[in-house]
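Working notes, structure below.
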Amino acid sequence: VTSLARWQRFWFSPVPVRRVAALRVLIAAVALAQVAGSTSVTGQARADGVFYEPTGLVRVLGFSRPAPELVAGLRIALIVCLACAVVGLLTRVALGISAPLFIWLGALANSYGKVDHGAIVLAFALVALAVAPAGRAYSVDALVRRGGAHGESRLAGWAMRVVMVAVAYAYLSAAFAKLRAAGLGWPGGGAFQAALLEHATPLGLRLAHHPRLVEGLAAAALLLEATAWLAFLRGRVRDAWCVAAASFHLGALALLGVNFLPQVIALAAFYDLEVGAERVRARLSDARARRTWPRSPRRTSRRSACA
Amino acid sequence: MDTMLGRAGDLRRAGLALLSAITAAWVVALVAVALGGGSGLWPIAPFTMFAAKRGAAVTQRLEGVTRGGARVAVVPGDFHFTRSFELRHYLATRVARMTGARRWTVRPRARRSLGVLAAIWSRSHPRDPLASLTLDVRSRPLSSGASPRHETLTWYAP
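The listed protein sequences correspond, in order, to chains A and B. With the numbering used here applied, the first sequence covers 1 to 307. With the numbering used here applied, the second sequence covers 308 to 465.
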């Protein structure tokens, strides 16, 4: 098998369309929660121009600083498009607008001196979902067409791979940056302890007084980041790594107040989501059946009483 | 019919080849920014948070005194920010920063940059503008035995 064939097989192996559709619901929902739940981008737009340092995409494209009203309007447009993407209404159009808007507003938000890493995976995921047939199941579009999608698609497989690679890249890149800056001694290099003292959450401040424990947790975090490739393996190894990653982010939220919820949600890309979605659907219909079951005998007994 | 199907197949293959090339470029870009460091081109950016070695934890705050004599804490919200990162970045790059446990780096024209912050604050508080603004930075060394360091820099209204 040639390298090119391996590359094509890695990126374009067909997967069920339902899988990418389920991922669309999750990713669009978490992006919607993030955009609707934060007004920081509209606040920044009203800030004095002295703080504005266009970086990345905003600088390359050479756009001037947008008016606060324009930023507020685009944020509302993004919220509407993401809501449509969640329910799968005009899915491709909704995602096609959401992805560039999310990236542009994200790049704009990073033009005030702080790079927001938490949204990077979401940005890549929205682009991939816009290309994939993500609206062919679990969507209003599918209901209107009166047909759920049961087939497989190479584009769906590609989109899932893009999200997986983006997730793994986040951890591997973080591990590489730490090892390059401080080598294997990074856990004892003070970065985590300083972050605990500076972010000053109640739990973080208590932990900061136990340097050995801090060092142990830092070493565990570095090990987790450096082994992100394990998520590509199926089975218990992947499950264990994903549980550890989710715990790591919950810990980061409690200790540092750093919210990487999108990253946790994106871990779902490593799973056969359509299986989970079908199980949820089966349980819901079971529950519905159980709710309606006791009524039948009553109806029967009433009928027999009448007779 | 066969010709049409053949053309559709060709188009699909060409589309996948194009997507494959774009994907390869994306992967190369990700690896390049990870190896190169810097801030990248968001969302193509390296994950460098908490990577650097640290000898001390540094906290900073801004305190102003108004013309009426009131002491006020100047916070990110005064500049329309919902987070502290933006203000911290401004202070670190334009005013002064504690680099490590010992070094206190004051930027050129640091007082003027503090004055810019004071002017922005005063514009939204025209009845009682600032007469002075002080940046207060505390460095707490992580190694036991080392003593904490405390530096201040003040701007006064002309």
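Cβ atoms here follow ideal geometry from the backbone N, Cα and C, with glycine treated the same way. Model, not experiment: these values are computed from the prediction.
Query: Bridge-paired residues (DSSP) for B:His457; Result: B:Arg445
Query: A:Ala107 and A:Tyr171 closer than 8 Å at C-beta; Result: no
Query: Cross-chain neighbours of B:Glu393 in chain A, by beta carbon under 8 Å; Result: Gln44, Ala47, Phe51, Tyr112, Gly113, Lys114
Query: Per DSSP, the bridge partner or partners of A:Val15; Result: A:Ser153
Query: Three CB pairs or more closer than 8 Å across the segment 8 to 27 of chain A and the segment 384 to 395 of chain B; Result: no
Query: Coarse secondary structure for A:Val30, derived from DSSP in three states; Result: helix
Query: Coil, strand or helix - A:Glu53 by DSSP; Result: coil
Query: Beta-carbon neighbours of A:Val167, restricted to chain B and to distances below 7 Å; Result: Result: empty, since nearest Cβ-Cβ is about 11 Å, beyond 7 Å.
Query: Test: A:Gly37 CB closer than 8 Å to a CB of chain B; Result: no
Query: Three or more C-beta pairs below 8 Å linking the segment 126 to 133 of chain A and the segment 14 to 25 of chain A; Result: yes
Query: Contact set between B:Ala358 and chain A, taken where Cβ atoms lie within less than 8 Å; Result: Ala174, Ala177, Lys178, Arg180, Ala181, Ala182, Trp186, Ala191
Query: Beta-carbon proximity of A:Ile79 to A:Leu32, cut-off 8 Å; Result: yes
Query: Contact set for A:Leu224: own chain, Cβ-Cβ below 8 Å, skip 5 residues either direction; Result: Tyr171, Trp241, Ala244, Ala245, Phe248
Query: Backbone secondary structure at A:Tyr171 - three-state DSSP; Result: helix
Query: DSSP-derived helix/strand/coil call for A:Met164; Result: helix
Query: Residue-level contact to chain A via CB, B:Leu442, 8 Å cutoff; Result: no
Query: B:Asp526 classed as buried or exposed, judged by whether at least 16 other C-beta atoms fall within 10 angstroms; Result: Here chain B has residues from 308 to 465 only, and residue 526 of chain B is not among them.
Query: For B:Arg390, three-class secondary structure by DSSP; Result: coil
Query: Candidates A:Phe270, A:Leu101, A:Leu26, A:Ser40, of which the one nearest A:Met164 by Cα; Result: A:Phe270
Query: Coil, strand or helix - A:Leu233 by DSSP; Result: coil
Query: Chain B residues whose Cβ lies nearer than 7 Å to that of A:Phe270; Result: Correct list: empty, because the minimum Cβ distance to chain B is about 18 Å.
Query: Bounding residues of the beta strand (DSSP E) (the contiguous stretch that carries B:Trp411); Result: 410 to 413
Query: Endpoints, the beta strand (DSSP E) within which B:Arg404 is located; Result: 403 to 406
Query: Boundaries of the beta strand (DSSP E) in which B:Arg378 is found, first to last residue; Result: 378 to 381
Query: 8 Å Cβ cut-off: residues of chain B touching A:Ala170; Result: Phe354
Query: Distance, B:Pro353 Cα to B:Leu437 Cα; Result: 40 Å
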